[in-house]
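Trainee: Counting in full-length UniProt numbering, the sequence shown runs from 1 upward without gaps. Note that CB positions come from ideal geometry on N, CA and C, so glycine has one too. What follows is a single structure, and I will ask about it in a moment.
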Amino acid sequence: MLTLRNLGKTYANGVHALEGFSLSVARSEIIAVIGGSGCGKSTLLRLISGLETPTRGTVELNGEPVSQPHPLINLIFQEPRLLPWLTVANNVGFGLAELDGADRGRRVEAALKKVGLAKLGHRWPKELSGGQAQRVAIARALVTRPEVLLLDEPFSALDAFTRTDLQDHLLDIWSETRPTLILVTHDIDEALVLADRIIVMRPWPGRILDEITIELPKKRDRTSAAFEAAKRQLLLSLNASLQPA
Ligand SMILES: Nc1ncnc2c1ncn2[C@@H]1O[C@H](COP(=O)(O)OP(=O)(O)O)[C@@H](O)[C@H]1O
Ligand SMILES: [Mg+2]
């Protein structure tokens, strides 16, 4: 269980990025956080990851406070951030330094297979397409078997075909160890395809405006009437998030 209590962040320059953000997330739940730019979404993920310290409030994982980067919490960014001087396999294995070579090799191979890149371990990051590089980032984030995976607009730099493909892939991978996912996105369909709950935020200061539960079973049919109905509900909420307070 991940518990956020009354999280707030005011940066040193006085920007009031986040206020009163409270949320309890069950193990294996998939949460999408949606809202315009400047809503404090990235700030929220950095606070949960322990990369940034809250001005107010607390983050707890299974009752223990998180106040610095935590071995059970991983973060995936919009751009893959691979290390250019390491092969794909060594990028994925980077967080497994404590394992011996053979164990590490097996774990890396299995992770690359899961993201559909079984044969590309020997390649260099610069030889990959954007979608392939982001798959490597997903493999790297999952190979340490985190309990919580935070994703900050992970597919937004990709074309629509690749994005849809990776959304499906992410669900396949998620279903194996079922980590808790918190996915920041500004793609409405992405939120509706993946999330159990969608948190709609509004800015200045960033806070929760609405929460929508999506009961449809995964994998969801993007063309179904039920999907369209959920989309309508989300669009109404997003519209409200854009109105002046
Ligand atoms: N390190 C920082 N220092 C000062 N202000 C920041 C910093 N990071 C983000 N901000 C500001 O905080 C607000 C929220 O930013 P951010 O969390 O990046 O929003 P989002 O990810 O929703 O676009 C914005 O006004 C942004 O300019
Ligand atoms: Mg952001």
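Please list, in chain order, all residues of the same chain as Thr87 whose beta carbon is under 8 Å from its beta carbon, the five residues on each side excluded.
Mentor: Gly121, His122, Arg123, Trp124
Trainee: Tell me the DSSP bridge mates of Ala118?
Mentor: Its beta-bridge partners do not exist; DSSP assigns none.
Trainee: How about Leu61 and Val143: are their beta carbons less than 8 Å apart?
Mentor: no
Trainee: Is Asp152 close to ligand 2? I mean its beta-carbon at under 7 Å from any heavy atom of the ligand.
Mentor: yes
Trainee: When you compare only the Cα positions, how much space is there between Thr177 and Arg220?
Mentor: Their backbone Cα atoms lie some 20 Å apart in a straight line.
Trainee: What does the alpha-carbon distance come out to for the pair Trp174 and Arg163?
Mentor: 16 Å
Trainee: Does at least one heavy atom of ligand 1 sit under 7 Å from the Cβ of Gly50?
Mentor: no
Trainee: Take residue 246 as the anchor and find which of Ser24, Gly38, Gly20 has the nearest alpha-carbon.
Mentor: The chain is shown from 1 up to 245; residue 246 falls before or after that span and cannot be answered.
Trainee: What are the partner residues of Val25, as DSSP defines its beta bridges?
Mentor: Residue pairing from DSSP places Val25 in a beta bridge opposite Leu2.
Trainee: Starting from Thr177, follow the beta strand (DSSP E) in both directions and report where the run begins and ends.
Mentor: Looking at the DSSP string, Thr177 is not in any beta strand (DSSP E); the run it does join, the alpha helix (DSSP H), is 160-177.
Trainee: For the stretch 152-162 and the stretch 4-12, state whether three or more C-beta atom pairs, one from each stretch, are separated by less than 8 Å.
Mentor: no
Trainee: Under the three-state reduction of DSSP, which class applies to Asn218: helix, strand or coil?
Mentor: Sequence check: residue 218 is Lys here, not Asn. In this structure, Lys218 counts as coil in the three-state DSSP scheme.
Trainee: Label Arg27 either buried or exposed according to how many other C-beta atoms from any shown protein chain fall within 10 Å of its C-beta, with 16 as the threshold for buried.
Mentor: exposed
Trainee: Please state whether DSSP places Ala32 in a helix, a strand or coil.
Mentor: Looking at Ala32 - three-state DSSP - the assignment turns out to be strand.
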